[in-house]
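Written out below as structure tokens is the structure these notes cover.
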Amino acid sequence: MSLLSVSDLRGGYGPVRVLHGLGFEVNAGEIVVILGANGSGKTSTIRAISGMLQATGSVRLHDEEILGKNPEAIARRRVAHVPQGRGTFPELTVEENLRVGAFSRKDSAVDEDIDRWLTTFPRLRERRTQLAGSMSGGEQQMLAISRALMMNPVLLLLDEPSLGLAPLVTQELFQKLAQLNRETYIAMLIVEQNANLALKTATRGYVLEAGEIVATGTSEELASNDEVRKAYLGMA
Amino acid sequence: MTLFLQQLMNGIGNGVIYASVALALVLIYRTTGVLNFAQGEMALFSTYITWKLTDWGVGIVAAIFISMLIAFAMGALVELVLIRPVEKKPPFVVLIVTIGMFLALNSITQLVFGTDEKQLPSAFGDHSWSVGDVRITGEFVGLICVLALTCTLLWILLQKTKLGLGLRAVASNPESARLVGISSGTMLMIGWAISASLGALGGAMYVPTTPALTAGSLQAVLVYAFAAAALGGFDSPVGAVVGGLIVGVAEALAIEYIEPLHDITLLVPFLLIGVVLLYRPTGLFGRNIVERV
Amino acid sequence: MRRVIRIVASLVVVALLLLIPQVVGESINALWAQAVYIAVAAMGLNILTGYNGQISIGHGAFYGIGAYTSAILMENSGWQFLPTIPVVVGVALVAGAAFGFPALRLKGLYLALITLGLAAVFPDLINRFASKYGTGGTSLIQPPRVLAPGWADSFADFDDQYRYYMALTIAIVMAVLAANLVRGRYGRALVAVRDHESAASVLGINVARVKVSAFALSAAYAAVAGSLSVLIEGSANAGKIEVFQQSILFLVAVVIGGTATVAGPMVGAVIVVFVQDFAKDLIDDQPVLSPAIFGLVLIVMMYLLPDGLVGGARRLISRVLAKPEVGQPAIPDVSTH
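Protein chains in written order, with the numbering used here: chain X, 270 to 505; chain W, 65 to 357; chain F, 9 to 345.
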């Protein structure tokens, strides 16, 4: 049963069309990666799913059409979008950032969860009362992801999580994501340029070029695909 | 010495008022990112409503509360109808809209309520006490209490409630706020509504200390309040209060002790802003705004 | 091609303006005369606000400086009107620059409020320093009127008409000067600083110099407008209300006409003057109607036509002719973040 099913997605910014009819799916508990170079439409794809970008086509979550709904409504359906680079609330503390993540939750386990994520990301616990805007890029990224996890999501959308992060930090990040997926079965859709790490973490993947899907397969298949290797893994 | 103390008290009394209005300015800026040019005129309109209620026989304290409620609704309506359509446009556009509101509201107030002077009773009556040679009026004490109470309530709201968290989140990162399910439209409306209420309160506090309620009553206060907010740092409520007190005291002392400034009292806040901003562009308590290139 | 159209259109407009005293009655002539000097102020404000993105609602103060300088020189020192103009320009340039320097520290909204403070303080200052020159100890100064000389009889039957032509001539000179400034390198620098300060400085533009000179120039224009107002109306007065209203009037003219266009402020000035006159008598004893109208117009314009009438017309024409747009982007970005 597919959790998220996208078909014929088209959209863009005013007169500039960026997405030209793409389709893909994410099943429950999977980690799916969409590889693409700069300008291929990765961010636009994620934004179309979370409702931040107007698009046509179909985006179905649990078999409900969510295309056309506003971002708040989609967020309340527990689709957590971690934007590229600026997902934190800089003027709020780390703890407040996490608490905001639980804003639309109606249960009482919020404090427990805050504790849980601060344990999973110990560096955040150290900086619990610090303003988010004063932390390093890597820490902010972790905070943004934790903030998304506070939503108790069924689907985590990650827009280029490795952007601007040092290699070691990125590795740690992807390891944590894989661990999370193993432990909680949260489905993840990751769009990335950093194909190496992404393919190691994901089960399946797609390749996005100029707003269209041009290849798909398991991560092993993609990793051994010549075209993909040339274009994204830097191997001749 | 007595004169100094007396002037100091006057200064603090005024300063408290400037601080209140500055607080409203800072609040709206922190929760909505907009500097509301029409803050003073919205407060003016509310103050006239307060007056009208007393004219109909409603007690002054009740009138103030009622008019604060009306202001709450007005503020929300203004955000929904006037500001939201231009929210996504460049800040220049929003500024012009608030300047437009400033002009329109001032005129509409005069058209609706007439241009003759009105008297607004003080919420604190006429009592006063003597401490040594210094007179302390009931008004003075009342103003300080009201300000302290307002500050406390605001602080609790912003820092300790879910609503406050939502307001601050929307101000900090509107996009991410939507992504966690916060309706930024609702938050903005509430921010404007609270600000308008504060303005109504501030007006009702300020006007009784002036000779009469007229259309120009709150224009000077806006400049003073702005001086206070700028001095304190536009995103700091603490700064607004401290700034207000500084401006009030400086003005009172300047009037008394610096002869040439006797009838140009408006120059004091002006110079204060100038000096402070020259050395600390973000104000005394403001945070550094790093410009993203 | 565009240049030819522009020149022809300008000549036509000038010709029409020259005809006005010959065909309209005294009161309408007075309104057009007012439109002329308001246009000068608006042109100047446009340089600062439209092209350079620094909002000012305090230019009534510079206007007042010009008015009082001319009035005092004429009243107390017996000067003729025309020679006061260079003095006015000099004083205003200095005053504008003096204000522009500290203003470097402020952006957008904060700057707007400081200029409001300027408009608020100016009347008090004038009261203190100018009342010794004024009639009966107030700050109202009424210098001797300029009279039409003999050789003007052929085109000006009345002194009013002669003064209109004098003002118009000065205004045209100022307009041509402004147009040349904004269409050249200076104009591009103004816009570059407006839209992206850090990029502009990287490109070698001296940002401080541009911003301060914009203040100085706009102050000079406002001051000349003030002098012209003394020529036309016969007095200089700077009550709190007047200074503030003038400041707003200039801004409204710029916004309605179109920021960052040459013709915009002039169109705006005409509209503003006539609307103000029209609104004055709509409700008895209620001169307050015109600010309400302007306020509402400002708001509506921001929804419908943020780049003003001229800006909007230009966009329409571009679309109709399907040509790429030429000219500066109209809306300044005054964000402080």
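C-beta atoms are modelled at their ideal positions from N, C-alpha and C, and glycine is treated no differently. Bear in mind the structure is a predicted one, so any value in this text is a computation, not a measurement.
{"query": "Assumed close pair R279/X, G292/X - CB separation to whole angstroms, cut-off 8 Å", "result": "Between G292/X and R279/X the Cβ distance is about 11 Å, and since that is not below 8 Å, they are no contact."}
{"query": "Contact the region 440 to 455 of chain X vs the region 463 to 482 of chain X: 3+ CB pairs below 8 Å", "result": "yes"}
{"query": "Listed by chain order, chain W residues near R355/X by CB distance under 9 Å", "result": "N237, E239, S240"}
{"query": "Extent of the continuous alpha helix (DSSP H) to which R473/X belongs", "result": "Counting along the chain, R473/X falls outside any alpha helix (DSSP H), though it belongs to the beta strand (DSSP E) covering 473 to 478."}
{"query": "Run of the alpha helix (DSSP H) containing A69/F, from where it starts to where it stops", "result": "67 to 84"}
{"query": "Beta-carbon gap between P301/W and L87/W smaller than 9 Å", "result": "yes"}
{"query": "Integer Cβ distance of T162/W from A279/W, believed to fall under 8 Å", "result": "Actually they are not in contact, since the Cβ atoms of T162/W and A279/W sit about 18 Å apart, beyond 8 Å."}
{"query": "G319/F vs G164/W beta-carbon contact at 9 Å", "result": "no"}
{"query": "Under 9 Å between C-beta atoms of L453/X and Q399/X", "result": "The sequence shown places Thr at residue 453/X, not Leu. Not closer than 9 Å, so no."}
{"query": "The ligand GTP heavy atom lying under 8 Å from the CB of L477/X", "result": "With respect to the ligand GTP, the structure shown offers nothing to examine, as it has no ligands at all."}
{"query": "7 Å Cβ cut-off: residues of chain W touching D167/F", "result": "Neighbours of D167/F on chain W: none; closest Cβ ~35 Å, over 7 Å."}
{"query": "Closer than 9 Å to chain F by CB, N74/W", "result": "no"}
{"query": "L259/F versus F129/W: straight-line alpha-carbon distance, rounded", "result": "37 Å"}
{"query": "From R242/W, G303/W, V142/W, residue whose alpha carbon lies closest to that of R347/X", "result": "R242/W"}
{"query": "Partner residues on chain F for M165/W, Cβ-Cβ distance less than 9 Å", "result": "G303, L306, I307"}
{"query": "Coarse secondary structure for K182/W, derived from DSSP in three states", "result": "strand"}
{"query": "Span of the beta strand (DSSP E), counted from its first residue to its last, around G281/X", "result": "271 to 282"}
{"query": "Bridge partners - W61/W, DSSP secondary structure assignment", "result": "Since the first residue of chain W shown is 65 and the last is 357, residue 61/W is not available in this structure."}
{"query": "Spatial neighbours of I337/W in its chain, beta-carbon cut-off 8 Å, leaving aside the 5 residues before and after", "result": "F290, A291, A294, L295"}
{"query": "C-beta neighbour in chain F for F136/W, strict 9 Å", "result": "no"}
{"query": "For E364/X and G245/W, the rounded distance between their alpha carbons", "result": "18 Å"}
{"query": "Inter-residue spacing [alpha-carbon to alpha-carbon] between F298/W and Y93/W", "result": "8 Å"}
{"query": "Secondary structure of I254/W, DSSP reduced to three states", "result": "helix"}
{"query": "Residue closest to Y45/F, alpha-carbon to alpha-carbon, out of G33/F, V280/F, A300/F", "result": "V280/F"}
{"query": "Closer than 9 Å to chain X by CB, L91/W", "result": "no"}
{"query": "With 16 other Cβ atoms within 10 Å as the buried cut-off, status of M182/F", "result": "buried"}
{"query": "Member of A137/W, M65/W, A83/W whose CA lies at the smallest distance from the CA of A212/W", "result": "A83/W"}
{"query": "Segment contact, 8 Å Cβ cut-off, at least three pairs: the region 68 to 83 of chain W with the region 246 to 254 of chain W", "result": "no"}
{"query": "Whole-number beta carbon distance between L317/F and I264/F, since they are thought to touch under 8 Å", "result": "6 Å"}
{"query": "Sequence-distant residues of the same chain with beta carbon closer than 6 Å to N238/X, five excluded per side", "result": "Past the edges of chain X, shown from 270 to 505, lies residue 238/X, and the structure says nothing about it."}
{"query": "Test: P275/W CB closer than 9 Å to a CB of chain F", "result": "no"}
{"query": "Chain W contact residues for P299/F, given Cβ-Cβ distances below 8 Å", "result": "L167, A168, N170, S171"}
{"query": "Rounded Cβ spacing between V270/F and A187/F (contact assumed at less than 8 Å)", "result": "5 Å"}
{"query": "Test: H331/X CB closer than 9 Å to a CB of chain W", "result": "no"}
{"query": "Length of the line joining the Cα atoms of F136/W and E395/X", "result": "41 Å"}
{"query": "Neighbour-count burial assignment, K499/X, 16 or more Cβ in a 10 Å radius", "result": "exposed"}
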